[in-house]
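Report on the following structure.
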Amino acid sequence: MRVEIWSDIACPWCYIGKARFEKGLAAFAHRDEVEVVHRSFELDPHRPKGDTAPVLEMLAKKYGRTLDEARAMEAHVAANARSEGLGYRSDGRDHGNTFDIHRLLHLAKDRGRQNELLDLAYRANFAEERSVFDAETLVALGVEAGLEEAEVRAVLADESAYADAVRADEREAAELGANGVPFFVLDRKYGVSGGQPAEVFTQALEQAWQGRTLQPVGGDAAACDIDGSTC
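To convert, note that position 181 of the sequence shown is 181 in UniProt numbering; the numbers rise steadily by one, no gaps.
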């Protein structure tokens, strides 16, 4: 069985949803026969490269809230992250264009290190004092994930490298009707949206294994939308 996961590094519910999916997968009897593929989805594709803003300011502007209200929104997400054993900084994070990160994740996929880089990028963005919108940080993360430094630098220097792969993932997401992330597609039979509880993922895996047709699984769950929201 193949599970495809559309997500963005800027999306906290993708960070949380990945942890919950992995717990659900661990409880699935056929987990050793599941291939997981991570696909690209940009929440803020029109933001210029290098244009970053503090997350709290972005949330306040987007939702017409005060900074204190935005901070409370982030605290809610942080509590969900910590309940899954994930580190989360509510203050001090930046929001920006993630296209380069997605390009590197495609390089990592080709080298068999995609999951390693994804985990490191999530941790850097949400739990550590490291900006994933800085090129040198991305180089360091790539090396930590097991990639060759020269190859990482070459991809970052060539804006066309893996660009088509990122765009292809995004077109496919649109064709599948995904307008937010995380979005999980199980063997092209079931779709699961948002950071659902682990048991919902286990149920979806079991149902997809039985070969049923594609249909939504689970109720409404928190997700991030395409205009750059971190929910």
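Here a beta-carbon is modelled for each residue, glycine too, at the ideal position from N, C-alpha and C.
Quick check: residue i and residue j, are their CB atoms within less than 7 angstroms of each other?
i, j, result
"ASP8", "VAL181", "yes"
"THR202", "ALA19", "no"
"ASP187", "ALA208", "yes"
"CYS11", "LEU43", "yes"
"ALA79", "SER90", "no"
"ARG113", "GLY146", "yes"
"TRP6", "ALA173", "yes"
Report the rounded CA-to-CA distance for residue i versus residue j, giving the unit in angstroms.
i, j, result
"GLY142", "PHE21", "24 angstroms"
"ALA75", "GLU144", "29 angstroms"
"PRO48", "TYR15", "23 angstroms"
"residue 233", "THR137", "What is shown of the chain runs 1 to 231, which leaves residue 233 out entirely."
"ASP51", "HIS95", "9 angstroms"
"ARG171", "ASP164", "10 angstroms"
"ALA161", "LEU118", "18 angstroms"
"ASP225", "GLY194", "10 angstroms"
"ALA223", "ARG71", "18 angstroms"
For residue i, count neighbouring C-beta atoms within 10 Å of its own C-beta (all shown protein chains included) and say buried if the count is 16 or more, exposed if not.
i, result
"SER40", "buried"
"GLU33", "exposed"
"PRO197", "exposed"
"ARG82", "exposed"
"TYR122", "buried"
Got a sec? Which residues, its chain only, sit under 7 angstroms from residue i by beta carbon, not counting five neighbours each side?
i, result
"THR213", "With a pLDDT of 49 at THR213, under the threshold of 50, the predicted position of this residue should be treated as unreliable, though the coordinate-derived value follows. LYS189, listed in sequence order."
"ALA2", "Looking at the sequence shown, residue 2 is not Ala but Arg. Excluding sequence neighbours, ARG2 sits near GLU35, VAL37 and ASP187."
Spatial neighbours of residue i within its chain, please: CB distance less than 8 angstroms, with the 5 preceding and 5 following residues excluded, ordered by chain position.
i, result
"VAL139", "GLU149, VAL152, ARG153 and LEU156"
With a threshold of 6 angstroms, establish whether the CB of residue i neighbours any heavy atom of the ligand FMN.
i, result
"ALA72", "No copy of the ligand FMN occurs in the structure displayed, which carries no ligand at all."
Skipping 5 residues on each side, what residues in its chain have a beta carbon closer than 6 angstroms to that of residue i?
i, result
"GLY17", "PRO182 and GLY195"
Worksheet item: Which ranges does the alpha helix (DSSP H) cover as unbroken runs of at least 4 residues, wholly within the segment 65-90, from first to last along the chain?
Response: 67-83
Discussion item. Quick check for students: name the residue ranges of the alpha helix (DSSP H) that lie wholly in the segment 132-214, counting only runs of 4 or more.
Written reply: List check, alpha helix (DSSP H) in window: 135-144, 149-157, 163-175 and 198-209.
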